[in-house]
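J.: Each step along the sequence shown adds one to the number in our numbering, with nothing skipped, and position 104 is 146.
We treat Cβ as the ideally placed atom computed from N, Cα and C, and that holds for glycine.
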Amino acid sequence: MSDQNHRQQVIDRLKDKEKIKVLFVCLGNICRSPAAEGVLRSIVDGGGESSRWVIDSAGTGRYHIGDLPDKRMRVHAARRGYTLDHRCRQVTESDFDRFDLIIPMDASNEQNLRRIAPDPDSERKIVQMAAWVGLASRYDHIPDPYYEGAEGFELVLDLLEDGCRNLYESLRKPI
Ligand code: 4NP
């Protein structure tokens, strides 16, 4: 099945649910995934659906457990109006029970998630972030900004704003 077909199946399964529980996953859980969490929360709040959505993030690595997001990510996000106050945690097998939709930022995060997914139904909850980013995008993953300059952080936020907007529009309650 193509990525787009899989994404559509996930949308069809979730869009009428009372609650939608989304977990964003990256390597460190200090740059990309906490930013995605902040961006989606802001969009959901703006749409008046904050009580319907549970939004969290986690990392496949364990280097930064308990830390706030990277200072650079917090500064770039704050300029766009997002406050990132997540505390880093590592993803666990039980996250596959707690969340409906698990969104890795790149292929390596996705591979690691598939390794800990307990069963095929759990694996079907995984849809990469790039699948939500506009089709015209030339990015098939959200590039890790950790060793990049300011442009890397801005690019991540541009991609996340586009992808989270599309994710929200796909799953919001019909008006
Ligand atoms: P993230 O970025 O996966 O977007 O949070 C990284 C943060 C830290 C490290 C790697 C990537 N690290 O190696 O410490």
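Relative to the C-alpha of Asp-109, which residue among Asp-127, Gly-123 and Ala-119 is closest?
T.: The residue labelled residue 109 in the question sits at position 67 within the sequence shown. The candidate whose alpha carbon is nearest that of Asp-109 is Asp-127.
J.: Please classify Pro-146: does DSSP put it in a helix, a strand, or coil?
T.: For the purposes of this step, residue 146 is taken as residue 104 along the sequence shown, with counting starting at 1. Residue state, collapsed to three classes: strand.
J.: Rounded to whole angstroms, what's the CA-CA distance from Ile-62 to Leu-199? Just pull it up for me.
T.: Position 20 of the sequence shown, counted from the start, is the residue given in the question as residue 62. Position 157 of the sequence shown, counted from the start, is the residue given in the question as residue 199. Each residue's Cα considered, the two are about 22 Å apart.
J.: Give the DSSP bridge partners of Asp-98, in chain order.
T.: Within the sequence shown, residue 98 is the residue found at index 56, counting from 1. According to DSSP, which records beta bridges pairwise, Asp-98 is partnered with Leu-65.
J.: What residue range does the alpha helix (DSSP H) around Arg-180 cover?
T.: Locating residue 180 in the sequence shown gives position 138, where the first residue counts as 1. Premise fails: Arg-180 is in no alpha helix (DSSP H) and is neither H nor E.
J.: Taking only heavy atoms of the ligand 4NP into account, decide whether any of them is closer than 7 Å to the Cβ of Ile-144.
T.: Numbered from its first residue, the sequence shown carries residue 144 at position 102. No, the ligand 4NP has no heavy atom inside 7 Å of this Cβ.
J.: Taking the straight line between their C-alpha atoms, what separation do you get for Glu-203 and Ala-172?
T.: Indexing the sequence shown from 1 puts residue 203 at position 161. Indexing the sequence shown from 1 puts residue 172 at position 130. Between Glu-203 and Ala-172, the C-alpha separation is close to 12 Å.
J.: Under 7 Å from any heavy atom of the ligand 4NP, does the C-beta of Leu-201 make it?
T.: For this step, residue 201 is matched to residue 159 along the sequence shown. No, the beta carbon of Leu-201 sits no closer than 7 Å to any heavy atom of the ligand 4NP.
J.: Could you tell me the alpha carbon to alpha carbon distance between Asp-182 and Glu-60, rounded to whole angstroms?
T.: Taking the first residue of the sequence shown as position 1, residue 182 is located at position 140. Taking the first residue of the sequence shown as position 1, residue 60 is located at position 18. Their backbone Cα atoms lie some 31 Å apart in a straight line.
J.: What span of residues does the alpha helix (DSSP H) with Val-81 cover, start to end?
T.: Numbered from its first residue, the sequence shown carries residue 81 at position 39. Looking at the DSSP string, the run of the alpha helix (DSSP H) that includes Val-81 is 74-88.
J.: Give the single residue among Val-133, Ala-178, Pro-185 and Trp-174 whose Cα lies nearest to the Cα of Arg-156.
T.: By 1-based counting over the sequence shown, the position of residue 156 is 114. Of the candidates Val-133, Ala-178, Pro-185 and Trp-174, the one whose C-alpha sits nearest the C-alpha of Arg-156 is Val-133.
J.: Is Ala-100 near Leu-65, with beta carbons less than 8 Å apart?
T.: The residue you call residue 100 lines up with position 58 of the sequence shown. The residue you call residue 65 lines up with position 23 of the sequence shown. For Ala-100 and Leu-65, yes; Cβs fall inside 8 Å.
J.: Please report how far the alpha carbon of Val-86 lies from the alpha carbon of Tyr-189, in whole angstroms.
T.: Taking the first residue of the sequence shown as 1, we reach residue 86 at position 44. Taking the first residue of the sequence shown as 1, we reach residue 189 at position 147. So the alpha carbons of these two residues sit roughly 30 Å apart.
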